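K.L.:
The structure under discussion is supplied below as structure tokens; questions concerning it will follow.
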Amino acid sequence: MFSTEPLRKPTISAAEQPVLNRLVGIRNQLAALKKDRGNYYRPNDIVGLYNDLLAQVWALYGVRTSEHNDNDAYKNRLDAVLDECFQLFSLFYLALGKNKEVPATYVQLVTIKQNFELLNDTGIYTDGKWLYQNV
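Quick note, my numbering runs 16 ahead of the 1-based positions in the sequence shown.
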């Protein structure tokens, strides 16, 4: 009935590995920029790295489509690194004052999504109805 085998996250395919390597490189560059308190962020650097990230997203889309791993439930380490990159870019765009651009909204949207998931998991909010409606 119950399996004693540990749950395993999907592994990185050989086709996804170059995308993961590039994403880790982008994340490391962003982390270095974030730690550098002696210089201001240059918008051209951030936008250039963001364009690199978008190129990797399209490459990942192509790989996952060809491997038939294009559903939202499929997650591996690459997805976690990609999320970290988008969160860092979101914070950089906010720091640059580009609040109305799409990358800046990512952190806020992820926070809202996590709050809804928490409400759903705890049973406070399910099926569009509040649990304590008459309070």
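Where a beta carbon is used, it is the ideal one built from N, C-alpha and C, also for glycine.
Owing to the predicted nature of the structure, the values given are computational and were not obtained by experimental measurement.
What's the call for residue 124, buried or exposed, on a 16-neighbour Cβ count within 10 Å?
P.N.:
For the purposes of this step, residue 124 is taken as residue 108 along the sequence shown, with counting starting at 1. That one is exposed.
K.L.:
Between the Cα of residue 77 and the Cα atoms of 65, 102 and 95, which residue gives the shortest distance?
P.N.:
Taking the first residue of the sequence shown as 1, we reach residue 77 at position 61. The candidate whose alpha carbon is nearest that of residue 77 is 95.
K.L.:
How many angstroms separate the CA atom of residue 31 from the CA atom of residue 39?
P.N.:
As a working note, residue 31 is residue 15 in the sequence shown. As a working note, residue 39 is residue 23 in the sequence shown. Their Cα atoms are separated by approximately 14 Å.
K.L.:
Can you find the residues in the same chain that come closer than 8 Å, C-beta to C-beta, to residue 88, ignoring five residues on each side of it along the sequence?
P.N.:
Mapped onto the sequence shown, residue 88 falls at position 72. Contacts found: none.
K.L.:
Suppose contacts are defined by Cβ-Cβ distances below 8 Å. Is residue 57 in contact with residue 111 by that definition?
P.N.:
Locating residue 57 in the sequence shown gives position 41, where the first residue counts as 1. Locating residue 111 in the sequence shown gives position 95, where the first residue counts as 1. It is a contact, given that the beta carbons lie within the stated cut-off.
K.L.:
Quick one: is residue 119 buried, meaning 16 or more other Cβ sit within 10 Å of its Cβ, or exposed?
P.N.:
Position 103 of the sequence shown, counted from the start, is the residue given in the question as residue 119. Label assigned to residue 119: buried.
K.L.:
Quick one: grab the DSSP three-state call for residue 62.
P.N.:
As a position in the sequence shown, residue 62 is number 46, starting the count at 1. Three-state result, residue 62: helix.
K.L.:
How many Å lie between residue 117 and residue 35 at the Cα?
P.N.:
As a first step, residue 117 is located in the sequence shown; it is residue number 101 there, counting from the start. As a first step, residue 35 is located in the sequence shown; it is residue number 19 there, counting from the start. For residue 117 and residue 35, the distance between alpha carbons rounds to 25 Å.
K.L.:
Apply the 10 Å Cβ neighbour rule to residue 33 and answer buried if 16 or more other Cβ atoms are within range, or exposed otherwise.
P.N.:
Along the sequence shown, one-based indexing puts residue 33 at 17. Exposed is the call here.
K.L.:
Output the distance between the C-alpha atoms of residue 106 and residue 74, rounded to the nearest integer angstrom.
P.N.:
Here residue 106 corresponds to residue number 90 of the sequence shown, with the count starting at 1. Here residue 74 corresponds to residue number 58 of the sequence shown, with the count starting at 1. If I take the Cα positions, the gap works out to 19 Å.
K.L.:
So is residue 108 buried or exposed if we call it buried at 16+ other beta carbons inside 10 Å?
P.N.:
Start at 1 with the first residue of the sequence shown, and residue 108 comes out as number 92. Flag for residue 108 reads buried.
K.L.:
Quick one: give me the first and last residue of the alpha helix (DSSP H) that residue 47 is part of.
P.N.:
Your numbering for residue 47 matches position 31 in the sequence shown. Element bounds for residue 47: 33-51.
K.L.:
Cβ atoms of residue 68 and residue 42: under 8 Å apart, would you say?
P.N.:
Within the sequence shown, residue 42 is the residue found at index 26, counting from 1. Within the sequence shown, residue 68 is the residue found at index 52, counting from 1. The answer is yes: Cβ separation under 8 Å.
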